[in-house]
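*Asks:*
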Amino acid sequence: MNILFFLVGICATFGLIALIIGIRHENEEQRRSRNHTRLLCSFSSILALAILCPHALAQQVVHAMGGTVTAIDAKALTLTIQSDQGYTTRFQALPKANAMLDKQIVALSSPADQLAKVGDHVVVLYIGDNTVLSALAIENLGPAPTAQHDGTVAGFDRHSHGVTLKGEPNALTLSEKTVVDTPDGVTTGLKYKPSKGDHIQIKSAQGAQEALFLSVAT
Numbered sequence: 002m003n004i005l006f007f008l009v010g011i012c013a014t015f016g017l018i019a020l021i022i023g024i025r026h027e028n029e030e031q032r033r034s035r036n037h038t039r040l041l042c043s044f045s046s047i048l049a050l051a052i053l054c055p056h057a058l059a060q061q062v063v064h065a066m067g068g069t070v071t072a073i074d075a076k077a078l079t080l081t082i083q084s085d086q087g088y089t090t091r092f093q094a095l096p097k098a099n100a101m102l103d104k105q106i107v108a109l110s111s112p113a114d115q116l117a118k119v120g121d122h123v124v125v126l127y128i129g130d131n132t133v134l135s136a137l138a139i140e141n142l143g144p145a146p147t148a149q150h151d152g153t154v155a156g157f158d159r160h161s162h163g164v165t166l167k168g169e170p171n172a173l174t175l176s177e178k179t180v181v182d183t184p185d186g187v188t189t190g191l192k193y194k195p196s197k198g199d200h201i202q203i204k205s206a207q208g209a210q211e212a213l214f215l216s217v218a219t
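Position in the sequence shown counted from 1, then plus 1, gives you our numbering.
Listed below in structure tokens is the structure:
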């Protein structure tokens, strides 16, 4: 991090020095070279931005949203889903952006520009706020029916990774294939340890006990 800002500082300082030289020396020779000085300043600014922008993107927290695909625009690379909570959300796909994700998450998902089909159940891994959401990758759960489990954690078995919700007789199992969305970002089922009293939502295949997607209510 310190090296990054050191490089940016060098770029900015170099551009500022070049600009000062161009302003102070007004003789004919310097006036002829002013265009070169301006070009140098512009290059320094662009270089600084080029260093900072990828870093800023990489620092954004990745979240996940489960839902059903309702619309796709292959040309515009947009994907619209109806979330498991019932509201509609539109995502802009970012090609080749899944490099920002944990390797285990990448193994479960496809690049966001390889759009799913309308009617598919998906988990979208994304960054952004409520106005601009950018999809990094998509886990396609297919068109098969899914079951929703919404409730408060009554117990968690750390050995079997089984989560029991209040009012449900059977535990749901978390695995390395379970995508988990927490307030701190996305992780996998084997890394997530729910606490008694947590309010969570779990999506599983119809009639199955393995959790496909888990969202921690905030």
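We put the beta carbon where it would ideally sit given N, CA and C, even for glycine.
Does the region 161-170 touch the region 117-131, meaning 3 or more C-beta pairs lie closer than 8 Å?
*Replies:* Touching, no.
*Asks:* Exposed or buried, ALA57, counting other C-beta atoms within 10 Å across all chains shown (16 or more means buried)?
*Replies:* Position 56 of the sequence shown holds residue 57. In this prediction, ALA57 scores a pLDDT of 42, lower than 50, which makes its location untrustworthy; no coordinate-derived value is stated.
*Asks:* Quick check on HIS122: does DSSP put it in helix, strand or coil?
*Replies:* Here residue 122 refers to the residue found at position 121 when the sequence shown is read from its first residue. Of the three classes helix, strand and coil, the one that applies to HIS122 here is strand, per DSSP.
*Asks:* In three-state terms, what does DSSP make of SER45?
*Replies:* Looking up residue 45 in the sequence shown gives position 44. Because SER45 sits at a pLDDT of 40, beneath the cut-off of 50, its placement in the model cannot be relied upon, and the following sentence gives the value as read from the coordinates. In the structure shown, SER45 sits in a helix (DSSP, three-state: H, G or I).
*Asks:* Pull up the distance between the alpha-carbon of ALA218 and that of THR183, whole angstroms please.
*Replies:* For this step, residue 218 is matched to residue 217 along the sequence shown. For this step, residue 183 is matched to residue 182 along the sequence shown. Cα-Cα distance, rounded: 8 Å.
*Asks:* Buried or exposed for LYS118, going by 16 or more other Cβ atoms inside 10 Å?
*Replies:* Walking along the sequence shown from the start, residue 118 turns up at place 117. Answer is exposed; the Cβ neighbour count stays below 16.
*Asks:* What's the call for GLU177, buried or exposed, on a 16-neighbour Cβ count within 10 Å?
*Replies:* Within the sequence shown, numbered from 1, the residue matching residue 177 stands at position 176. Label assigned to GLU177: exposed.
*Asks:* Around the Cβ of TYR193, are there at least 16 other Cβ atoms within 10 angstroms (buried) or fewer (exposed)?
*Replies:* As a working mapping, residue 193 is identified with position 192 in the sequence shown. Its Cβ being crowded by 16 or more others within 10 Å, TYR193 is buried.
*Asks:* Assign LEU191 to one of three DSSP states: helix, strand, or coil.
*Replies:* Locating residue 191 in the sequence shown gives position 190, where the first residue counts as 1. DSSP places LEU191 in helix when its eight states are reduced to three.
*Asks:* Could you check what DSSP says for LYS104 in three-state terms: helix, strand or coil?
*Replies:* Numbered from 1 along the sequence shown, position 103 holds the residue referred to as residue 104. Reduced to three states, the DSSP call for LYS104 is helix.
*Asks:* For ASN141, collect the residues of the same chain with a Cβ closer than 7 Å to its Cβ; drop the 5 residues on either side in sequence, then sort them by chain order.
*Replies:* As a position in the sequence shown, residue 141 is number 140, starting the count at 1. SER111, ALA117, ASP121 and VAL123.
*Asks:* Beta strand (DSSP E) containing SER84: first to last residue?
*Replies:* On the sequence shown, position 83 is the one that residue 84 refers to. Run containing SER84: 79-84, per the beta strand (DSSP E) assignment.
*Asks:* Please name the residue in PRO195, HIS150 and GLY129 whose C-alpha comes closest to that of LEU137.
*Replies:* For the purposes of this step, residue 137 is identified with residue 136 of the sequence shown, where counting begins at 1. For the residues PRO195, HIS150 and GLY129, the minimum Cα distance to LEU137 belongs to GLY129.
*Asks:* At least one CB of chain D closer than 8 Å to the CB of ALA212: is that the case?
*Replies:* Absent here is chain D; the protein component of the structure consists of one chain.
*Asks:* Which residue from THR147, GLN149, VAL154 and LEU175 puts its Cα closest to that of HIS160?
*Replies:* Walking along the sequence shown from the start, residue 160 turns up at place 159. Cα-wise, what sits closest to HIS160 is LEU175.
*Asks:* Use the C-beta contact count for LYS97: other C-beta atoms within 10 angstroms, 16 or more gives buried, fewer gives exposed.
*Replies:* The residue labelled residue 97 in the question sits at position 96 within the sequence shown. Looking at its Cβ environment, which holds fewer than 16 other Cβ atoms inside 10 Å, LYS97 is exposed.
*Asks:* Can you find the residues in the same chain that come closer than 8 Å, C-beta to C-beta, to GLN149, ignoring five residues on each side of it along the sequence?
*Replies:* By one-based count along the sequence shown, residue 149 stands at place 148. ASP85, GLN202, ILE203 and LYS204, listed in sequence order.
*Asks:* Could you check which residue in ALA94, VAL70, LEU134 and VAL181 has the C-alpha nearest to that of GLN61?
*Replies:* Reading the sequence shown from its first residue, position 60 is the one you call residue 61. Per the Cα distances, LEU134.
*Asks:* Buried or exposed for ALA94, going by 16 or more other Cβ atoms inside 10 Å?
*Replies:* For this step, residue 94 is matched to residue 93 along the sequence shown. With 16 or more Cβ atoms within 10 Å of its Cβ, ALA94 is classed as buried.
*Asks:* What's the C-alpha gap between VAL70 and THR147?
*Replies:* By one-based count along the sequence shown, residue 70 stands at place 69. By one-based count along the sequence shown, residue 147 stands at place 146. Each residue's alpha carbon lies about 14 Å from the other.
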